[in-house]
Amino acid sequence: MATPTLSLNLELIKFFTPVFTFILIFAVMYALLQYAKMLGDNKLLHSAIAFTIAIFGAVLSNTARDMIEYMVPWFTVLIIFTVLVIIMYKIFGATDDDVRTVIRKHSGVQWTIAIFAILVALGALSNSFGQKALTGTEKPGEITDPQNPDWRPGATTGTTSTTDFNTNLNRTFYHPKVIGMLFLMLVATFAIAQLTKPVTKGWP
């Protein structure tokens, strides 16, 4: 006997993505203009500027919309993770002042957030422009394999010479040489940070 299954189809939501992107851009830009007050305290002017930027970013520019759609989930993950960490610290007795002090005075936290933001921005750029740039490098009449569209003439297994940008990027970053280089850079950075740290009184 067949049992009914419940499936959730979210394909319809994709049609409303530009609307959600528009609302997000408008809200963020309006909040920034209201907070910075670079153009005074004219809410109507701030609304008009935020509306114009949202129209260009969410409706007229597919590239800008693609970048925003890529970045928003990652920053959402960062915000949720940060909130959970703060809640955990508060459970053990930390106050709001303690949290502000850590964020303001500890450069490690600031650098971590900055590096995360830079990586997400680079990922959004590669997601929006990478495949277009790679497609532009193909030669007219180049022979491809219909059974394996990512194959290119002269390519071998595990090569980065495919027609798919994400495949090339993943194989580059997960290559043993790249991972080894990143590990050495991490060790060197940690060693330099420890060696250049000022010696406290009474050491050793």
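If you number the sequence shown the way the numbering used here does, the last residue is 770 and the count never jumps. Backbone N, C-alpha and C define an ideal beta-carbon position, used for all residues, glycine too. In this text the structure is predicted, and so the values were computed from the model without any measurement.
Residue burial classification, Thr738 (beta-carbon count within 10 angstroms, cutoff 16): exposed
The region 625 to 642 contacting the region 682 to 690, beta-carbon criterion three pairs below 8 Å: yes
Buried versus exposed call for His612 [16 or more other C-beta atoms within 10 Å across all chains shown]: buried
Those runs of the alpha helix (DSSP H) which lie wholly inside the region 631 to 679 and span at least 4 residues: 662 to 671
C-alpha distance - Ala660 paired with Thr648, whole-angstrom precision: In this structure, the straight-line span from the alpha carbon of Ala660 to that of Thr648 is close to 14 Å.
C-beta contact flag for Ile589 and Leu599 at 8 Å: Not in contact: Ile589 and Leu599 (Cβ atoms no closer than 8 Å).
As assigned by DSSP and simplified to three states, the class of Leu605: coil
Among Ile681, Tyr601 and Ser627, the one whose alpha carbon lies nearest that of Trp640: Ile681
Cβ-based neighbour list, Phe624, same chain, cut-off 7 Å, excluding 5 preceding and 5 following: Residue 624 is actually Ala in this sequence, not Phe. Pro584, Thr587, Phe588, Ile591 and Arg631, listed in sequence order.
Buried versus exposed call for Tyr596 [16 or more other C-beta atoms within 10 Å across all chains shown]: buried
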